[in-house]
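Undergrad:
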Amino acid sequence: METERGNWTSMNPNGIRRNLATNDRPKRGVPEGLWRQCPQCKSTIFTKEAAARFNVCPECDYHFYLPAKERIQQLLDQDSFEEWFTELRPTDPLGFKDHREYSKRLISEQAKTGMHDAAVVGKGFIRGRPVVLGVTDFAFMAGSMGSVVGEKLTRAIEEAIRLKLPLIFVSGSGGGARMQEGILSLMQMAKVSAALARYDSAGGLYISILTNPTMGGVAASWAGLGDVILAEPGALIGFAGKRTIWNTVRLELPKGFQTSEFLLQHGLIDRIVPRKDLRTELARIVDYCERQRRRAPCSVDDHGNRTSEPFQLF
Amino acid sequence: MAKLVLPFEKSIYQMEETLAELEAKSPGQADDAIRAMRRELVSLKKSIYSKLDPWQTIQVARHPDRPHTLDYINLIFEEFVELHGDRAIGDDRAIRCGFARLGDYRVMLVGQEKGRTLQERTACFYGCAHPEGYRKALRCMKLAAKFGLPVICLIDTPGAFPGIGAEERGQAQLIATNLLEMSRTPTPIVCVVIGEGGSGGALGIGVGDRVSMLEHAYYSVISPEGCAGILWKEANEQTKPLAAEALKLTAKHLLSLGVIDEIIPEPIGGAHRDHREMANTLKSYLVRSIRELRQLNSDELLEGRYQKFRKMGVFLTETAAT
Chain A
1 METERGNWTS
11 MNPNGIRRNL
21 ATNDRPKRGV
31 PEGLWRQCPQ
41 CKSTIFTKEA
51 AARFNVCPEC
61 DYHFYLPAKE
71 RIQQLLDQDS
81 FEEWFTELRP
91 TDPLGFKDHR
101 EYSKRLISEQ
111 AKTGMHDAAV
121 VGKGFIRGRP
131 VVLGVTDFAF
141 MAGSMGSVVG
151 EKLTRAIEEA
161 IRLKLPLIFV
171 SGSGGGARMQ
181 EGILSLMQMA
191 KVSAALARYD
201 SAGGLYISIL
211 TNPTMGGVAA
221 SWAGLGDVIL
231 AEPGALIGFA
241 GKRTIWNTVR
251 LELPKGFQTS
261 EFLLQHGLID
271 RIVPRKDLRT
281 ELARIVDYCE
291 RQRRRAPCSV
301 DDHGNRTSEP
311 FQLF
Chain B
315 MAKLVLPFEK
325 SIYQMEETLA
335 ELEAKSPGQA
345 DDAIRAMRRE
355 LVSLKKSIYS
365 KLDPWQTIQV
375 ARHPDRPHTL
385 DYINLIFEEF
395 VELHGDRAIG
405 DDRAIRCGFA
415 RLGDYRVMLV
425 GQEKGRTLQE
435 RTACFYGCAH
445 PEGYRKALRC
455 MKLAAKFGLP
465 VICLIDTPGA
475 FPGIGAEERG
485 QAQLIATNLL
495 EMSRTPTPIV
505 CVVIGEGGSG
515 GALGIGVGDR
525 VSMLEHAYYS
535 VISPEGCAGI
545 LWKEANEQTK
555 PLAAEALKLT
565 AKHLLSLGVI
575 DEIIPEPIGG
585 AHRDHREMAN
595 TLKSYLVRSI
605 RELRQLNSDE
615 LLEGRYQKFR
625 KMGVFLTETA
635 AT
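Chains as they are written, first to last, in the numbering used here: chain A, 1 to 314; chain B, 315 to 636.
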């Protein structure tokens, strides 16, 4: 298992050192090593100390980027996650090429992150409550949604309908719809939203958790459609990028524009929840929305084995 | 407003001028030279317009004389009863909604309008809708579904408006809601991209049983300017055509990717040259689509619509996944 949590640029989740011969540029703003600087309060902090606090700055509570694997570890009961649809792989349907070919970019992103694409979906337990969970990881092409992300999320929703389980998606998608897959990425917005419509009609509970950043086509589809929408503090959330807005309206943007707090103030999200409290809040919301509770939530022993049967949500 | 001549259209306009001079010399009759030139002109238009590159297509799609929603309202529909306002904040002029008569059918029309004069363009933000517009569109579609009226969506927008107010009022969530609700609105929905299909702003009224495009329209996940600015670091005259090429955003590409159902042919030389002919072609497409869709009951309709979008996307499946 991975031990060094914060040091994700030089290690992929499998612990394989990145091949330094390739011309991967390091991710902006994330220094490697034992110490890191908080982008908000600028204080230098011990990586392990932040990691012990859910990757949150001990000085100012800035929420650092969290890889999908760690997010899942934080939210779910220990070792309860069963990953689904790992067989899906991205391809290059348009033959897209800018300075680099998309197909080559995919390979280097896969090597860098150890993921096949930006989304991880599956089933797990939150304090004994079974849920379907999907997470997008900002490290993989800015967490943007292409065909694989759309397909994985859609299949997860369909499974949630079949299994009658609550659904939780965590978005960390600064890229919105992935432009390297062109119009097909745009259509993933419609595809996932249509699946969510079916899930909604079936009576399922969908909780959307917005993390830094959630923009563009992701904000304008599944991330914005939760029955309950939670956000981490200080996350950047919005439709158009700040530069696009500036280029269009040429007005100074208000302070804290497009942050979680801004969205809460404008009535667009339900709650801002610090990372350390997310698990508790999710469990609580699931309990409130559960309509016909037949049994007590099942409990799980230290090895992730269920010691009683789960209840059904709907 | 001076007539806009696109760079690749110059030879057409030159030949038209020469032809007009010739015709002026011998009014009322056409000699062999004139007839030959007319034939040549048609074949010139055909040859230029049959192989437009993506960047040229975008220029045609944005042509100021290209017919807009209001033109089609005048030319296609016998009656239009506009319905204003989103019942919450205001009336977005970038999206026009209302009851309309299409031949024998009564329908709900939802169309994006860019405006033609400077005043109109400012009033509807050059076709960029705010959250109010999407909310209005959805309420009108729900009204249509309640009374069994088919919905026609005419898409023509550079994108949803990127502004402070739009963000404050939840642009992303309003578009998201439209995607979700349109996928389950139990009435036939026919969407046609008539000019620009700009990203989420277009898709926000673009989920339907039939989605088609006019021949020289484009539909893209991001504007070529935006794409060039991000991937080529700068949007200029060199990078914009490259981005347009890479994004595969023309009607032909979208048809081959399975995203649209049909390409609706434009008059020779583009829709901006003959509004009436374009309107007739579009009208017959709309009538035919609604006639076909009305044969289906609402379960079949919604299942078909779900499966239509469900199968979109291209990916590989690793058989020996670990």
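For every residue, glycine included, the Cβ atom is placed at its ideal position computed from N, Cα and C.
Between W546/B and chain A, is there a C-beta pair that is closer than 9 Å?
TA: yes
Undergrad: Work out the CA separation of L106/A and G316/A for me, nearest whole Å.
TA: In the structure as shown, chain A starts at 1 and stops at 314, and residue 316/A therefore has no counterpart that could be examined.
Undergrad: Using a Cβ-Cβ distance cut-off of 9 Å, determine whether A402/B contacts chain A.
TA: no
Undergrad: State the DSSP-derived secondary structure class of W369/B, mapped to helix, strand or coil.
TA: helix
Undergrad: Assuming D470/B is part of the alpha helix (DSSP H), what are its boundary residues?
TA: Counting along the chain, D470/B sits inside no alpha helix (DSSP H); it lies in the beta strand (DSSP E) bounded by residues 465-471.
Undergrad: Would you please verify whether the beta carbon of W222/A is less than 9 Å from any beta carbon of chain B?
TA: With 9 Å as the cut-off, W222/A counts as an interface residue toward chain B.
Undergrad: Report buried or exposed for G642/B, applying the criterion of at least 16 other Cβ atoms within 10 angstroms of its Cβ.
TA: Outside the modelled stretch of chain B, which goes from 315 to 636, sits residue 642/B, for which no answer is possible.
Undergrad: Comparing alpha-carbon positions, which option in G511/B, K359/B, S340/B lies nearest Q328/B?
TA: K359/B
Undergrad: Which ranges would you report for the beta strand (DSSP E) in the segment 41-78 of chain A if only whole runs of at least 3 residues count?
TA: 44-46
Undergrad: Return no unless some Cβ of chain B is closer than 9 Å to the Cβ of I272/A.
TA: no
Undergrad: On the criterion of 16 or more Cβ atoms from any shown chain inside 10 Å, does V356/B qualify as buried, or is it exposed?
TA: Burial call: exposed.
Undergrad: So that I know if they touch, is there some Cβ in chain A lying closer than 9 Å to that of V573/B?
TA: Residue contact with chain A for V573/B: present (Cβ-Cβ distance below 9 Å to some residue of chain A).
Undergrad: Under 8 Å Cβ to Cβ from R250/A, same chain only, skipping five residues before and after it: list those, please.
TA: none
Undergrad: Taking the C-alpha atoms as reference points, what is the distance between L568/B and E548/B?
TA: 26 Å
Undergrad: Which whole runs of the alpha helix (DSSP H) in the segment 125-209 of chain A are 4 residues long or more, in chain order?
TA: If we require 4 residues or more, the alpha helix (DSSP H) runs fully inside the segment 125-209 of chain A come out as 147-163, 182-201.
Undergrad: For a cutoff of 9 Å on Cβ pairs, would you count F46/A as touching chain B?
TA: no
Undergrad: Tell me the rounded alpha-carbon separation between G174/A and D137/A.
TA: 10 Å
Undergrad: Rounded C-beta distance between E446/B and I403/B? I'm assuming under 8 Å.
TA: 5 Å
Undergrad: Assuming A414/B is part of the alpha helix (DSSP H), what are its boundary residues?
TA: Taken as a continuous stretch (DSSP letters only), A414/B belongs to no alpha helix (DSSP H), being part of the beta strand (DSSP E) at 409-416.
Undergrad: Looking at the structure shown, is W222/A part of a helix, part of a strand, or coil, going by DSSP?
TA: helix
Undergrad: Check whether the Cβ of T259/A lies closer than 9 Å to any Cβ atom in chain B.
TA: It does not; no Cβ of chain B falls within 9 Å.
Undergrad: Give me the Cα-Cα distance between L210/A and T631/B, rounded to the nearest whole angstrom.
TA: Cα to Cα, L210/A sits roughly 29 Å from T631/B.
Undergrad: What span of residues does the beta strand (DSSP E) with M422/B cover, start to end?
TA: Counting along the chain, the beta strand (DSSP E) containing M422/B begins and ends at 419-426.
Undergrad: Is there a C-beta anywhere in chain A that falls below 9 Å from the one on M455/B?
TA: no
Undergrad: Is any beta-carbon of chain B found at less than 9 Å from that of K97/A?
TA: yes
Undergrad: Using beta carbons (cut-off 9 Å, strictly below), is R127/A in contact with chain B?
TA: no
Undergrad: For R243/A, would you say it is in contact with chain B, using Cβ-to-Cβ distances shorter than 9 Å as the test?
TA: For R243/A, the answer is yes, since a Cβ of chain B falls inside 9 Å of its Cβ.
Undergrad: If the cut is a Cβ gap below 8 Å, which residues of chain B does R89/A touch?
TA: F629, L630, T631, E632
Undergrad: Nearest CA to the CA of A531/B: which residue from F439/B, R376/B, C442/B, L488/B?
TA: R376/B
Undergrad: Is it buried or exposed, F461/B, if we count other Cβ atoms within 10 angstroms and call 16 or more buried?
TA: By the neighbour-count rule (16 or more Cβ atoms within 10 Å), F461/B is not buried but exposed.
Undergrad: Kindly indicate which residue of P472/B, G515/B, M527/B has the alpha-carbon position closest to the one of K566/B.
TA: Taking only the C-alpha atoms, the option nearest K566/B is M527/B.
Undergrad: 9 Å is my cut-off, CB to CB: does Y620/B come that close to chain A?
TA: yes
Undergrad: Give a yes or no on whether 9 Å exceeds the smallest Cβ distance from H567/B to chain A.
TA: Output row for H567/B: interface = yes.
Undergrad: Given a threshold of 16 other Cβ atoms within 10 Å of its Cβ, counted over all protein chains shown, does R100/A qualify as buried or as exposed?
TA: Exposed: under 16 other Cβ atoms inside 10 Å.
Undergrad: Check each candidate in L615/B, G477/B, E580/B, W546/B and name the one with the smallest Cα separation from G241/A.
TA: G477/B
Undergrad: Should Y199/A be labelled buried (16 or more other beta-carbon atoms within 10 Å of its own) or exposed?
TA: Its Cβ being crowded by 16 or more others within 10 Å, Y199/A is buried.
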